[in-house]
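According to this note's numbering, the residues represented by the sequence shown are 71 to 503, in order.
Reading through the structure tokens given below for one structure.
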Amino acid sequence: MTARDIPPATGKLGVLTPGLGAVASTFIAGVLTARQQGVAPLGSVSQMAHIRLGTRDEGRNPLIKDFVPIAKLDDIVFGGWDPISANALEAARTCGVLDERDLAPISAELEGVVAMDAVFDQKWVSRLDGTRVKKETNKWDQAMALMADIENFRTENNCDRLVMVWCGSTEAFQQASAVHETVASFEQGMKDNDDNISPSQLYVYAALQSDVPFANGAPNLSTDLPCMMELAKTRGVPIAGKDFKTGQTLMKTLIAPGLKARMLGLRGWYSTNILGNRDGEVLDAPENFKTKEESKLGVLHKILEPDVYPELYGNVDHVVRINYYPPRGDNKEGWDAIDIFGWMGYPMQIKIDFLCRDSILAAPIVLDLALFMDLAHRAGESGVQEWLSFYLKAPQSAGDAPAEQDLFIQQTKLKNTLREWMGEQAVTHSEVG
Ligand SMILES: NC(=O)c1ccc[n+]([C@@H]2O[C@H](COP(=O)([O-])OP(=O)(O)OC[C@H]3O[C@@H](n4cnc5c(N)ncnc54)[C@H](O)[C@@H]3O)[C@@H](O)[C@H]2O)c1
Numbered sequence: 071m072t073a074r075d076i077p078p079a080t081g082k083l084g085v086l087t088p089g090l091g092a093v094a095s096t097f098i099a100g101v102l103t104a105r106q107q108g109v110a111p112l113g114s115v116s117q118m119a120h121i122r123l124g125t126r127d128e129g130r131n132p133l134i135k136d137f138v139p140i141a142k143l144d145d146i147v148f149g150g151w152d153p154i155s156a157n158a159l160e161a162a163r164t165c166g167v168l169d170e171r172d173l174a175p176i177s178a179e180l181e182g183v184v185a186m187d188a189v190f191d192q193k194w195v196s197r198l199d200g201t202r203v204k205k206e207t208n209k210w211d212q213a214m215a216l217m218a219d220i221e222n223f224r225t226e227n228n229c230d231r232l233v234m235v236w237c238g239s240t241e242a243f244q245q246a247s248a249v250h251e252t253v254a255s256f257e258q259g260m261k262d263n264d265d266n267i268s269p270s271q272l273y274v275y276a277a278l279q280s281d282v283p284f285a286n287g288a289p290n291l292s293t294d295l296p297c298m299m300e301l302a303k304t305r306g307v308p309i310a311g312k313d314f315k316t317g318q319t320l321m322k323t324l325i326a327p328g329l330k331a332r333m334l335g336l337r338g339w340y341s342t343n344i345l346g347n348r349d350g351e352v353l354d355a356p357e358n359f360k361t362k363e364e365s366k367l368g369v370l371h372k373i374l375e376p377d378v379y380p381e382l383y384g385n386v387d388h389v390v391r392i393n394y395y396p397p398r399g400d401n402k403e404g405w406d407a408i409d410i411f412g413w414m415g416y417p418m419q420i421k422i423d424f425l426c427r428d429s430i431l432a433a434p435i436v437l438d439l440a441l442f443m444d445l446a447h448r449a450g451e452s453g454v455q456e457w458l459s460f461y462l463k464a465p466q467s468a469g470d471a472p473a474e475q476d477l478f479i480q481q482t483k484l485k486n487t488l489r490e491w492m493g494e495q496a497v498t499h500s501e502v503g
């Protein structure tokens, strides 16, 4: 196996987040704390995980960050856009994820991450009233304004490279339409102010035209549009989507492959959530919840393959609910009532009550996606990065077959991709290896 010729991660890496809310501010605060106080970046595979190389008896097991040339935490510079938050400190205080004692030592740096005025349209996020919004009204002009922001940020911060991770609100549900077919139709659509073009799509267009890899952390349509896949390929830029895999879906992709591995049947899976953050408020609007519901519902089907196993998974009632309940803030509670059956059809039940912290689970995903997207770009990759499905609830497929949903297969795919790029054999876990 020949290693790819990947240039080293020299200089500064700018990580730009459209959306400077709970997830983005928690991500920034965690990286600042790790580099200022040496606190371990828990939950980050790129920073904490080891990777086995060769056969088991070789004893080669370096940290991923020492094995692949990813950017160092010290070299990251942060930026973002938000129609409400003024800066990362204000965002962190408003969402209330982190305690004041954790924010105090890094408050000056957080305050220095000042939000740029957003391209925002309330039509797509009815529950938010944005005020820090760009004055351009034409969508083409808005995309150009975003591109100017990107170049200013690059110059002012002396960045070698940039990546963008969408941490903005989930936009209202939509289907792709004719305007999304090609880059040419999308460009004409922007000039015509086509109603089907949402703000997040303008950020993707601006990023790709500026040679900036883009990962989508929310479930709305953006990188998964034909025009964006075409643009990513022609510009030679990586894209990935969509929807950070945290909380309840993380649990689902842990449990469902286990049931399937043991050939246990599933009759129903009822999932409900209460959460009280701004995300929960946005998702309380039915048109925004529908976007999330689509992304959450797809998971089980792809893992369980009812077409292959009709007697086990051919009749599953899968229900997902999200309820906005302010007292909980960012500390979501996700309940799952799982009805399974085994030998001779006898029913059993599993209950999960996951008292999780959404942004604490999402923050390391933002870091890993940013570092790995930058690595992919330097490794000469373009288009959909399916090997990053590990982090995403509704992973975008690079080809015709749907992307893998099983967390353990996704993990193997991620690690084997890194091994191959570095000239190491894939690990198959067969008897010989
Ligand atoms: N926290 C998780 O575990 C998790 C998991 C999966 C997906 N997500 C998604 O990640 C996104 C961020 O979540 P969050 O908890 O930080 O939400 P949040 O509401 O705290 O932050 C989102 C921010 O995006 C801003 N925004 C809205 N439209 C924008 C636009 N057009 N341009 C720039 N900024 C815009 C909002 O003002 C807000 O500050 C949401 O879409 C959420 O659904 C979160």
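Glycine is no exception: its CB is placed at the ideal position from the N, C-alpha and C atoms.
With respect to the beta strand (DSSP E) encompassing residue i, which residues constitute its N-terminal and C-terminal limits?
{"i": "SER341", "result": "335 to 345"}
{"i": "VAL235", "result": "229 to 236"}
{"i": "VAL404", "result": "Position check: residue 404 holds Gly in this sequence, whereas Val was assumed. Residues 403 to 411."}
{"i": "PHE284", "result": "284 to 286"}
{"i": "LYS261", "result": "LYS261 -> not in any beta strand (DSSP E); alpha helix (DSSP H) instead, spanning 253 to 261."}
{"i": "PRO269", "result": "PRO269 -> not in any beta strand (DSSP E); alpha helix (DSSP H) instead, spanning 269 to 279."}
Along the chain, where does the alpha helix (DSSP H) that runs through residue i open and close?
{"i": "VAL147", "result": "That residue, VAL147, is in no alpha helix (DSSP H); its beta strand (DSSP E) goes 146 to 151."}
{"i": "TYR394", "result": "Segment 387 to 394 is the beta strand (DSSP E) holding TYR394; no alpha helix (DSSP H) there."}
{"i": "PRO380", "result": "380 to 383"}
{"i": "LYS82", "result": "It is not in any alpha helix (DSSP H) - LYS82 instead sits in the beta strand (DSSP E) that spans 82 to 88."}
{"i": "GLN117", "result": "115 to 118"}
{"i": "ILE134", "result": "134 to 137"}
For a test of your reading of the model: does the CB of residue i fall under 8 Å from any non-hydrogen atom of ligand 3? Yes or no.
{"i": "ARG348", "result": "Among the ligands in the structure shown, ligand 3 does not appear; only ligand 1 can be found there."}
May I ask you to report which of helix, strand or coil DSSP gives residue i?
{"i": "PRO175", "result": "helix"}
{"i": "ASN157", "result": "strand"}
{"i": "GLY126", "result": "Here residue 126 is Arg; the residue named in the question, Gly, does not match the sequence. If DSSP states are grouped into helix, strand and coil, ARG126 belongs with the helices."}
{"i": "MET71", "result": "coil"}
{"i": "HIS371", "result": "helix"}
{"i": "GLY350", "result": "helix"}
{"i": "THR96", "result": "helix"}
{"i": "HIS250", "result": "helix"}
{"i": "LEU143", "result": "helix"}
{"i": "LEU567", "result": "Here the chain comprises residues numbered 71 to 503, so residue 567 is not present and cannot be evaluated."}
{"i": "GLN245", "result": "coil"}
{"i": "GLU363", "result": "helix"}
{"i": "PRO77", "result": "coil"}
{"i": "GLU357", "result": "helix"}
{"i": "ALA110", "result": "coil"}
{"i": "PRO289", "result": "coil"}
{"i": "THR240", "result": "coil"}
{"i": "THR498", "result": "coil"}
Taking 9 Å as the CB-CB cut-off, is residue i touching chain B?
{"i": "ALA471", "result": "The displayed structure is made up of one protein chain only, and chain B is not part of it."}
Of all the beta strand (DSSP E) runs that stay within the bounds of the stretch 291 to 337, which reach a length of 3 or more residues?
Every beta strand (DSSP E) of 3 residues or more that sits fully in the stretch 291 to 337 is shown, in chain order, as 308 to 311.
Would you call the stretch 303 to 312 in contact with the stretch 107 to 119, where contact means no fewer than 3 C-beta pairs closer than 8 Å?
Per the Cβ contact rule, the stretch 303 to 312 is not in contact with the stretch 107 to 119 (fewer than 3 Cβ pairs under 8 Å).
In chain order, each alpha helix (DSSP H) run of at least 4 residues that lies wholly inside the stretch 412 to 495:
Fully enclosed alpha helix (DSSP H) runs of 4 or longer: 428 to 448 and 477 to 491.
Using 8 Å as the threshold, is the stretch 382 to 395 in touch with the stretch 256 to 267, meaning 3 or more CB pairs across them?
Too few Cβ pairs lie closer than 8 Å, so no.
With contact counted as at least three CB pairs below 8 Å, one residue from each stretch, are the stretch 116 to 126 and the stretch 489 to 499 in contact?
Result yes; three or more Cβ-Cβ pairs closer than 8 Å.
For the 8 Å Cβ check, are there 3 or more pairs between the stretch 459 to 471 and the stretch 159 to 168?
No: fewer than three Cβ pairs fall under 8 Å.
Quick one: complete alpha helix (DSSP H) runs, 4+ long, within the stretch 172 to 227?
DSSP runs (the alpha helix (DSSP H)) wholly in the stretch 172 to 227: 177 to 181 and 209 to 226.
Any chance the stretch 395 to 409 sits against the stretch 276 to 286, with 3 or more Cβ pairs inside 8 Å?
In short, these stretches do not touch, since the Cβ pair count stays below three.
Between the stretch 425 to 438 and the stretch 446 to 457, are three or more C-beta pairs nearer than 8 Å?
With fewer than three CB-CB distances shorter than 8 Å, the stretch 425 to 438 does not count as touching the stretch 446 to 457.
Give a yes or no on contact between the stretch 180 to 189 and the stretch 145 to 155, applying the rule of three or more CB pairs nearer than 8 Å.
Verdict: yes, contact present.
Quick test of the definition: if touching needs 3 or more C-beta pairs under 8 Å, does the stretch 219 to 234 touch the stretch 271 to 278?
They touch, by the three-pair rule.
If contact is defined by three or more beta carbon pairs under 8 Å, each pair taking one atom from either stretch, is the stretch 400 to 419 in contact with the stretch 342 to 355?
Judged by pairs of C-beta atoms under 8 Å, the stretch 342 to 355 touches the stretch 400 to 419, as three or more such pairs exist.
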